[in-house]
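Report on the structure given below.
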Amino acid sequence: PQFEGFEFERDFDEVDEDEIGRFLLMRGVSFPMLKYSNQTYTVNLFEGPLGKAIGHFSRQLERKEDVHSGLITGPEDSWQFSVLIYVGTLAVRSAPHDIERLLDYLNKHGHW
6 PQFEGFEFER
16 DFDEVDEDEI
26 GRFLLMRGVS
36 FPMLKYSNQT
46 YTVNLFEGPL
56 GKAIGHFSRQ
66 LERKEDVHSG
76 LITGPEDSWQ
86 FSVLIYVGTL
96 AVRSAPHDIE
106 RLLDYLNKHG
116 HW
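If you want it as structure tokens, here you go:
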């Protein structure tokens, strides 16, 4: 896979995309040969312990009733892997339901 916007080149000088793919595969996360793009719109910093930061940002999301945002925690120097592992895990969880919906659609309409 191709990863754009994850800043691997900046943060990990000598790591190529194949090594990143192997790292993720060893953790049970695989991606089809596609292009993935990450766009960072805002960065919010919180000074203090991780537990308090999680509570702070969780309360913010709850107050706003923001169902389109999420909070991912992980090591600062390898945030890219936290995002990719989350995306891979989310895809695996939703795949059975997505396949079921696709098969239902094909049964009802007889075509794509």
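Mapping the sequence shown onto our numbering, position 34 (from 1) lands on 39, and the numbers just tick up by one. All C-beta atoms, glycine included, are put in the ideal place defined by N, C-alpha and C. Predicted, not measured: the structure shown is a model, and the values here were computed from it.
The alpha-carbon separation between residue 70 and residue 63 amounts to approximately 10 Å. Taking a cut-off of 8 Å for Cβ pairs, the segment 96-116 and the segment 38-58 do not touch, as fewer than three such pairs fall below it. In this structure, residue 87 sits away from residue 93, with a CB-CB distance that is not shorter than 7 Å. For the 7 Å CB-CB criterion, residue 11 and residue 85 form a contact.
In the structure shown, residue 91 falls within a helical segment according to DSSP collapsed to helix, strand and coil.
The segment 19-61 contains, as complete beta strand (DSSP E) runs of 3+ residues, the segments 40-42 (chain order). In the DSSP assignment, residue 9 forms a beta bridge with 42. The Cβ neighbour count for residue 95, taken over all protein chains shown within 10 Å, is under 16; the residue is labelled exposed.
With at least 16 other beta carbons inside 10 angstroms of its own, residue 25 counts as buried. Contact between residue 22 and residue 7 holds, since their C-beta atoms are separated by about 6 Å, short of 8 Å. Per DSSP, reduced to three states, the secondary structure at residue 74 is coil, with no helix or strand assignment.
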